[in-house]
Amino acid sequence: MSDTESARLSIRELDTVAEVFEASAVLSEVWGGDRTGMPPNLLRALAHSGNYAVGFFADERMVGASVAFFAEPAARSMHSHITGILPSAQGQGFGRMLKQHQREWGLRRGIGHVTWTFDPLVSRNAHFNLAVLGARVTEYLVDHYGAMDDGVNRGDESDRLMVSWALAAPPVP
Numbered sequence: 179m180s181d182t183e184s185a186r187l188s189i190r191e192l193d194t195v196a197e198v199f200e201a202s203a204v205l206s207e208v209w210g211g212d213r214t215g216m217p218p219n220l221l222r223a224l225a226h227s228g229n230y231a232v233g234f235f236a237d238e239r240m241v242g243a244s245v246a247f248f249a250e251p252a253a254r255s256m257h258s259h260i261t262g263i264l265p266s267a268q269g270q271g272f273g274r275m276l277k278q279h280q281r282e283w284g285l286r287r288g289i290g291h292v293t294w295t296f297d298p299l300v301s302r303n304a305h306f307n308l309a310v311l312g313a314r315v316t317e318y319l320v321d322h323y324g325a326m327d328d329g330v331n332r333g334d335e336s337d338r339l340m341v342s343w344a345l346a347a348p349p350v351p
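Shown next as structure tokens:
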């Protein structure tokens, strides 16, 4: 039996201040650098106002988190701002589980598609977003965020692909 099969896995909305701070710490560890991946106060505000803010737990330890907010057109779309799985928990399918949870959450609320950006030079993310999830590229964004100082992006230009994931399409097996 693999570690994934033996671990008790759950994805749940961030309901407490402690969970918000834990999610902020997880995202900071994933993205590295001097600034947090998502400040706790902003994360708390997004969660409290009905947006998608969840933690991914393995045996009650938070190993991942994801945050998305409603986007234009407001009633049918959501933008996934940040998602990450701790390096020690990567390669076990947790990212896919987290995105499928985001899909189901959105569908229950009448969301038609989710958008997000990613660095096209990170091949594992390109493969996951395009081949595994079936997201479609809608735009190439040159130096979209400007200079970034996190551990993943420091020293590189921030060119990104914008993708759109049609939630009503059957999930990719």
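Going by my numbering, the sequence shown wraps up at 351, each residue one higher than the last.
Positions of the beta carbon are idealized from the N, C-alpha and C atoms, including for glycine.
C-beta contact flag for residue i and residue j at 8 Å
i: L339; j: Y318; result: yes
i: E207; j: G233; result: no
Burial state of residue i (16 or more Cβ within 10 Å)
i: V198; result: buried
i: S180; result: Unreliable placement is indicated for S180, whose pLDDT of 47 sits below 50; no coordinate value is reported for it.
i: V320; result: exposed
i: G267; result: Per the sequence presented here, residue 267 reads as Ala, with Gly not at that position. It counts as buried.
i: S301; result: exposed
i: G324; result: exposed
i: L192; result: buried
Under the three-state DSSP convention, the category residue i falls into
i: L299; result: coil
Test: residue i CB closer than 8 Å to a CB of chain C
i: N219; result: No chain C appears in this structure, which consists of one protein chain only.
Residues near residue i by beta carbon distance below 8 Å, same chain, minus five either side
i: T316; result: T293, M340, V341, S342
i: L345; result: R281, G284, L285, I289, G290, H291, V292
i: R190; result: V232, G233, F235
Cβ shell of residue i (< 6 Å), same chain only, five flanking positions each side left out
i: G295; result: In the sequence under discussion, the amino acid at residue 295 is Thr, which differs from the Gly named in the question. The answer, listed in chain order, is R338, M340.
i: M369; result: Given a span of 179 to 351 for the chain in the structure shown, any question on residue 369 remains unanswerable.
Beta-carbon contacts of residue i that lie in its chain and below 7 Å, excluding the five residues immediately before and after
i: R314; result: V341, S342
i: P224; result: This sequence places Leu at residue 224; Pro is not what is there. Contacts found: A231, V245, F247.
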